[in-house]
Amino acid sequence: MANLASQASGPPSVSIYPDWRAVMGRAVTDTAKLCQVLGLAPETAVVAEGPAQEFPLLVPPTYLARIRPGDLQDPLLLQILPKMEEAATNSEFTTDPVGESTPAHDRGWLRKYPGRLLMVTNGGCGVHCRFCFRRHFRRPVAQCPDDWASALQELTADSTLHEVILSGGDPLALEDDRLAELASRMEAIPHVRRLRIHTRFPIVVPQRVTDELLNWLCAGRLTTVMVVHVNHPAEIDADVAAALGRLVAAGVPVLSQTVLLRGVNGRIDVLAELFERLVDLRVIPYYLHQLDRVAGAAHFEVAPEEGVRLIQQLRARLPGYAVPRYVREVAGQPGKVVLA
Ligand SMILES: *Cc1c(COP(=O)(O)O)cnc(C)c1O
Ligand code: SF4
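Under numbering that gives the first Met the number 0, think of the first position of the sequence shown as 0, with each following residue one higher.
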């Protein structure tokens, strides 16, 4: 098999740190260090320590570098900084809003949609997002091949399953050799045709788009699709653009998903700039998610009526293919509910 990574050498390569594991090794997990690096008051760090005990701070240097120092309203900082508001109690915001994390994490997979099996591959992530609906489920699962047994058994047993969705944590927190092995095990099941990967890594640590990743994504029989989680245009720097370019040039369809977040991207101009930038990079905006009502994230919520209004404004302003579907997850419902 030709080396597709080298064929895809057109776009500029990703710079700064050569190895994504080294980048993650330098991730900031200490609130005092974060505030020192960003020129924020030490009191901000003290306040952050409480919520960080429940769901730790985790931000790699590649993401940190895109945050404006000294600005507490920076849209990237707001996504990663533990805040007092997380302690606010609201009975409508619960630890498992989608009502599926426990079974999914216990056996490593979940079936909710015809033809598709969602596999929870890993408890790890490239960054900790304060609004994450899995913030109360941090157990690492299915990290070794044996833990895949249950999902592979389910896949093998049901020939109507044509697509596997790798979700997390973040599936790209696993090493490429592990993922390549998983892909080849799936390839051995004749009715499995597609492998979809939902990940925030190419945005947070663009160095994760390695030659090895491109090789296993493109080497086999399966059609691989990537859905990148991106929330703000300032998240897309030159390295991220290059990483997305490498995926697209290698022939991988790249779609995006965005969570609608108050203070971060709940404005028409920010969303329009984000989606236009994505299509410029040949990434198709797929989903805009209504925030899952997870305990600790209530301060991020944008009212659904406001979200619908934003989508209508986007439709008036952007090409049709640049406007994602606005969806929400409803516990117990067989599918995502399309809001607009
Ligand atoms: C969102 C989701 C999917 C994928 O749905 P698509 O509409 O195909 O993007 C699959 N399984 C589960 C459990 C999901 O929550
Ligand atoms: S990368 Fe995804 S799974 Fe991980 S914390 Fe952020 S939103 Fe949650």
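The C-beta atom is built at its ideal place from N, Cα and C for all residues, glycine as well.
| Asked | Found |
| --- | --- |
| Among residues of its own chain, excluding the 5 on either side of R110, which ones have a beta-carbon nearer than 6 Å to its beta-carbon? | L116 |
| For R115, verify whether its CB is less than 7 Å away from any heavy atom of ligand 1. | yes |
| Verify the contact flag: D291, CB atom, against every heavy atom of ligand 2, threshold strictly below 7 Å. | no |
| Could you check if L154 is buried or exposed, using at least 16 other CB atoms within 10 Å of its CB as the buried criterion? | buried |
| Report the option in V337, A330 and A339 whose CA atom is closest to the CA atom of D95. | A330 |
| Keeping to the same chain, check which residues put their C-beta closer than 7 Å to that of E85; ignore five residues upstream and five downstream. | P50, R129 and G295 |
| Rank G107, N230, V224 and Q72 by C-alpha distance to the C-alpha of H197 and give the top, closest one. | V224 |
| What are the boundary residues of the beta strand (DSSP E) that includes V226? | T222 to H228 |
| For E234 and L39, which I take to be in contact (beta-carbon distance under 8 Å), what is that distance rounded to the nearest angstrom? | 20 Å between Cβ atoms; not a contact. |
| For P55, which residues in the same chain have their Cβ closer than 7 Å to its Cβ, ignoring the five residues on either side in sequence? | T28 and H127 |
| Which same chain residues, not among the five before or five after A179, have their C-beta less than 7 Å away from its C-beta? | W215 |
| Assuming the contact rule is C-beta atoms closer than 8 Å, H190 and S158 should be a hit. Round their C-beta distance to whole Å, please. | 4 Å |
| Which ranges would you report for the alpha helix (DSSP H) in the segment 181 to 213 if only whole runs of at least 4 residues count? | 200 to 203 |
| With respect to 7 Å, is the separation between the Cβ of Y112 and the closest non-hydrogen atom of ligand 1 below this value? | yes |
| Using the DSSP secondary-structure output, state which residues sit across from R327 in a beta bridge. | V336 |
| Where does V126 sit, in a helix, a strand or coil, going by DSSP? | coil |
| What does a CB cutoff of less than 8 Å around Y285 pick up in its chain, not counting 5 residues either side in sequence? | V226, L254, S255, Q256, P323 and R324 |
| Confirm the yes/no value for this check: CB of L154, any heavy atom of ligand 1, distance under 7 Å. | no |
| Note down, in chain order, each residue of its chain lying with its Cβ closer than 8 Å to the Cβ of T61, except the 5 sequence neighbours on either side. | I15, Y16, V22, V203, V204, P205, Q206 and D238 |
| Is P96 helix, strand or coil by DSSP? | coil |
| DSSP three-state call for L284: helix, strand or coil? | Residue identity check: residue 284 is Pro in the sequence provided, not Leu. It is a strand residue. |
| DSSP on S166, reduced to helix/strand/coil? | strand |
| Provide the residue span of the beta strand (DSSP E) that contains T257, from first to last. | V253 to V258 |
| Is L109 a contact residue of ligand 1, with contact defined as CB to any heavy atom under 7 Å? | yes |
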